[in-house]
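Just below is one structure, and these are the notes that go with it.
There are 2 protein chains.
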Amino acid sequence: MKLATLKSDSKDGRLVVVSRDLKRAADATQVAPNLLAALENWATAEPRLQALYEQLNAGKAQGAFDFDAQQAAAPIPRAPQWCDGSAFLNHGNLMQTAFNMPPIPDAETMPLMYQGGSDDLLGACDDLPLPDEAHGIDFEGEFGVIVDSVPMACSPAKAASRIRLLVQINDVSLRAFGPREMKTGFGFFQAKPSSSFAPVAVTPDEIGEAWKNARVCLDLAIEFNGQWFGDPNGREMNFGFDQLIAHAATTRKLSAGTIIGSGTVSNAGGKKGSACIAERRAIEQIANGAPKTAFMKFGDRVRMEARWQDQPVFGTIEQRVVQAPKE
Amino acid sequence: MKLATLKSDSKDGRLVVVSRDLKRAADATQVAPNLLAALENWATAEPRLQALYEQLNAGKAQGAFDFDAQQAAAPIPRAPQWCDGSAFLNHGNLMQTAFNMPPIPDAETMPLMYQGGSDDLLGACDDLPLPDEAHGIDFEGEFGVIVDSVPMACSPAKAASRIRLLVQINDVSLRAFGPREMKTGFGFFQAKPSSSFAPVAVTPDEIGEAWKNARVCLDLAIEFNGQWFGDPNGREMNFGFDQLIAHAATTRKLSAGTIIGSGTVSNAGGKKGSACIAERRAIEQIANGAPKTAFMKFGDRVRMEARWQDQPVFGTIEQRVVQAPKE
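Protein chains in written order, with UniProt numbering: chain A, 1 to 327; chain B, 1 to 327.
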């Protein structure tokens with residue numbers, strides 16, 4: 001099943017079902033006004049949404065219309081929590097090697113995760129308004145999951161059973177803030193403005209065998225200003241989403257609609273490129289003694305897409321960085 | 001004006017106005033169903049709530065009833081963001097001295113802040129369910145503000161103009177996780193379970209001259225298991241709430257209803273005690289070479305109250321730590 005949220009007068013948007021080929025959509029507000037409400041009542045909502053999805057794919061949904069990704073908000077524009085892991089250790093290892101950072105203790109046995117702001121998540125084609133190019137504007141291509149409610153201190157196995165939807169994310173990062181925020185020990189804050197989401201959230205069955213070991217085993221194709229930048233695969237996560245969820249829930253409940261991110265997708269070996277500029281700069285630093293690729297300027301564009309059976313799964317993130325209005 | 005949120009079928013609770021002496025309440029759902037909705041529409045809601053507040057104080061509000069803090073949820077049980085500063089440098093300095101931690105770079109010129117989970121904020125008298133005493137369970141007494149929408153990159157002066165309400169907070173902390181999470185650079189996550197809030201949020205005029213330089217200049221009286229633990233004053237914040245808000249909004253908008261915390265209230269000189277156990281342990285470590293006061297056990301109780309003109313301003317936090325149900 002594929003679901004999306006169209007922009008509306010409500011901050012939560014309005015729920016639609018999207019056809020498997022992403023071409024058509026059908027209003028689903030008779031099931032739930034928005035995706036968050038559907039997740040809060042999933043046992044009731046899921047079979048009704050599934051029935052509508054089957055009608056839509058069969059060309060039999062009344063009032064169906066063309067799906068326009070430009071009109072899509074993030075699947076959950078204001079989510080209960082946005083907990084972003086850093087589960088591809090290859091990425092962290094490259095950064096540490098390039099910039100002489102000390103290794104993170106226990107990183108191979110315990111997931112890394114920070115809490116992101118979750119009240120203003122952006123749509124796939126929304127501009128990225130940011131205050132200053134000097135902040136080191138970067139994209140980060142990620143996969144994520146949206147969970148049902150998760151009890152405190154639950155096991156990875158139980159956590160896996162609470163995964164409802166898969167998503168694709170651009171976790172925008174401002175690299176000028178990161179080193180200072182890491183040194184303080186308080187973690188990322190100014191370094192992490194609003195994240196953006198591909199237009200469509202999908203149930204795991206929509207990617208068949210590519211949903212494996214609680215990992216999205218798809219290539220995430222990244223283009224920066226129209227040029228190939230990388231297409232790393234999600235299968236190399238050192239921790240599965242089951243483990244990331246259990247980590248997040250160790251000392252707290254997670255509300256239905258909480259989003260858990262994988263961190264920048266990153267593959268060992270160097271042939272798959274990178275899903276963020278900082279990692280390419282790290283590779284350049286290691287190879288040549290200095291980074292070469294510049295961070296994003298206003299007007300720069302990023303495109304992110306993951307395909308299964310030669311079709312985009314989540315739709316496409318296509319965004320441009322712009323200067324935020326001065327206050 | 002004093003406002004509270006009573007528990008209801010809605011996760012956002014229902015809005016009531018509370019009398020200045022905290023004894024009576026009046027339903028305010030004809031103005032807005034909950035406090036978050038009131039903040040999202042403050043220009044319209046504020047004068048109507050103020051009128052109701054004046055009627056209530058005059059004993060003329062129709063349908064008024066006794067206010068019961070036991071029935072209060074957090075003022076905003078699921079808030080857009082919970083951004084917690086650490087603005088009392090005395091606290092950080094004590095911790096660093098006691099435990100030989102390196103000083104935090106720029107801490108005197110740039111606020112420290114982490115992002116907390118904001119989807120499950122607890123009421124003043126709610127039990128604190130936690131999984132394990134071995135996690136080093138601690139309270140932290142704080143003040144906070146609730147803001148209207150704040151634009152990205154706004155000045156401290158403009159930030160000050162967006163403060164709508166003051167709150168009093170128990171920022172529960174699990175000390176066993178803190179050092180590792182600080183070392184990773186990703187910041188606090190498992191160390192920060194749900195925070196709790198005193199039952200009543202108040203407009204700044206409710207504390208007269210004690211709202212000064214964007215600081216809540218009140219003693220915060222802390223009792224641990226019925227014994228005095230501290231009564232540090234909020235005036236010694238090294239950064240005002242105006243600066244904390246501007247820091248939080250440097251690279252992001254803040255949605256109306258975002259909560260900004262002061263961090264543990266802490267005063268220099270040692271006579272005012274502490275607002276958290278970790279700080280008392282630091283003082284013991286410095287004085288005697290070892291900490292003596294134990295962290296909280298299941299069944300332990302904490303009480304927090306701030307008075308102005310000899311009356312509690314926000315009501316009282318009175319909580320007990322309990323074992324979370326096993327999953």
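In this text, a Cβ means the ideal position worked out from N, Cα and C, and glycines have one as well.
Small disclaimer: the values here were computed from a predicted structure and weren't measured.
Distance, residue j Cα to residue i Cα
i, j, result
"B/G85", "B/P111", "7 Å"
"A/F88", "A/P105", "15 Å"
"B/A198", "B/A4", "9 Å"
"B/V302", "B/L128", "10 Å"
"A/A30", "A/A43", "According to the sequence as given, residue 30 of chain A is Gln; it is not Ala. Rounded to whole angstroms, A/Q30 to A/A43 spans 15 Å at the Cα level."
"B/S196", "B/Q70", "13 Å"
"A/C154", "A/A294", "42 Å"
"B/A191", "B/M113", "14 Å"
"B/S161", "B/V167", "17 Å"
"B/E206", "A/E236", "56 Å"
"B/K253", "A/N225", "26 Å"
"A/E318", "A/I169", "11 Å"
"B/G116", "B/V145", "15 Å"
"B/K183", "B/S118", "24 Å"
"A/V18", "A/M304", "19 Å"
"A/A72", "A/A51", "22 Å"
"B/N93", "B/K212", "24 Å"
"A/K272", "B/K326", "43 Å"
"B/H135", "A/T251", "9 Å"
"B/G208", "B/Q227", "29 Å"
"B/P313", "B/P179", "Reading off the sequence shown, one finds Val at residue 313 of chain B, where the question assumed Pro. When rounded, the distance between both Cα atoms is 34 Å."
"A/D310", "A/I137", "31 Å"
"A/L49", "A/P75", "15 Å"
"B/T203", "B/F67", "18 Å"
"A/P47", "B/P47", "45 Å"
Cβ pair residue i, residue j closer than 9 Å
i, j, result
"A/A61", "A/R20", "no"
"B/M152", "A/A306", "no"
"B/K2", "B/Y53", "yes"
"A/A210", "A/W308", "yes"
"A/A45", "A/A58", "no"
"A/F286", "A/A98", "Reading off the sequence, residue 286 of chain A comes out as Ile, not Phe. Closer than 9 Å, so yes."
"A/M296", "A/E133", "yes"
"B/S173", "B/L121", "no"
"A/C83", "B/F189", "yes"
"A/G63", "A/N34", "no"
"A/S262", "A/F177", "no"
"A/F65", "A/A26", "yes"
Residues near residue i by beta carbon distance below 6 Å, same chain, minus five either side
i, result
"B/P156", "D242, Q243, A246"
"A/H91", "T264, S266, E279"
"B/T258", "P80, Q81, V147"
"B/E284", "P291, K292"
"B/A268", "N90"
"A/G320", "In the sequence as displayed, the identity of residue 320 of chain A is Arg instead of Gly. Excluding positions up to five away in sequence, the list reads D127, R301."
Own chain, CB closer than 7 Å to residue i, minus 5 neighbours either side, in chain order
i, result
"B/A275", "E140, G141, L220, I222, G230, P232, T264, V265, S266"
"A/G315", "L22, A69, A124, A198, P199, V200"
"A/P103", "Q96"
Spatial neighbours of residue i in its chain, beta-carbon cut-off 8 Å, leaving aside the 5 residues before and after
i, result
"B/E108", "L89, N238"
"A/V322", "D127, L128, P129, L130, F298, G299"
"A/K11", "P77, R78"
"B/M95", "M101, A278, E279, A282"
"residue 329 of chain B", "The shown model of chain B, from 1 to 327, leaves out residue 329 of chain B, and the question about it has no answer."
"B/N41", "A32"
"B/G289", "none"
Distance between beta carbons of residue j and residue i, contact taken as under 8 Å
i, j, result
"A/L15", "A/A32", "6 Å"
"A/A256", "A/D148", "5 Å"
"B/R175", "B/L39", "About 33 Å; that fails the 8 Å criterion."
"A/G240", "A/C217", "About 11 Å separates the two Cβ atoms, so there is no contact after all."
"B/G185", "A/G270", "With 8 Å as the limit, B/G185 and A/G270 do not qualify as a contact, their Cβ atoms being about 25 Å apart."
C-beta neighbour in chain E for residue i, strict 9 Å
i, result
"B/S255", "Protein chains in the displayed structure are A and B, and chain E is not among them."
Going residue by residue through the stretch 130–190 of chain A, where are the continuous beta strand (DSSP E) segments of at least 3 residues, counting only ones entirely within it?
141–147, 163–170
Go through the stretch 17–44 of chain A residue by residue and report every complete run of the alpha helix (DSSP H) that reaches 4 residues or more, in order.
35–40
Quick one: complete alpha helix (DSSP H) runs, 4+ long, within the stretch 190–270 of chain A?
241–248
Enumerate, from N- to C-terminal direction, the unbroken alpha helix (DSSP H) stretches of 4 or more residues contained entirely within the stretch 275–311 of chain A.
277–288
Please specify which runs of the beta strand (DSSP E), each continuous and at least 3 residues long, are wholly inside the stretch 97–130 of chain A, giving them in chain order.
113–116, 128–130
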